[in-house]
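Everything below concerns the one structure shown next.
Residue numbers (our numbering): 14 to 64.
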């Protein structure tokens, strides 16, 4: 899904420019289970508004 990297970066920049609350993270290992396994729990906590 490398083709999504540019659009995601531009969207994150737009949100930042508009001071919209958001979180954007890039992981060096790509879009795979290793990355999802590490990022899923923190991502869900963010979405649910938990620390």
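Backbone N, C-alpha and C define an ideal beta-carbon position, used for all residues, glycine too.
Is the Cβ-Cβ distance between residue 38 and residue 29 less than 8 Å?
no
Please list, in chain order, all residues of the same chain as residue 40 whose beta carbon is under 6 Å from its beta carbon, the five residues on each side excluded.
48
In chain order, which continuous runs of the alpha helix (DSSP H) of length 4 or greater are located wholly inside the region 15-59?
18-30
If distances are taken between C-alpha atoms only, which option among 15, 21, 14 comes closest to residue 35?
21
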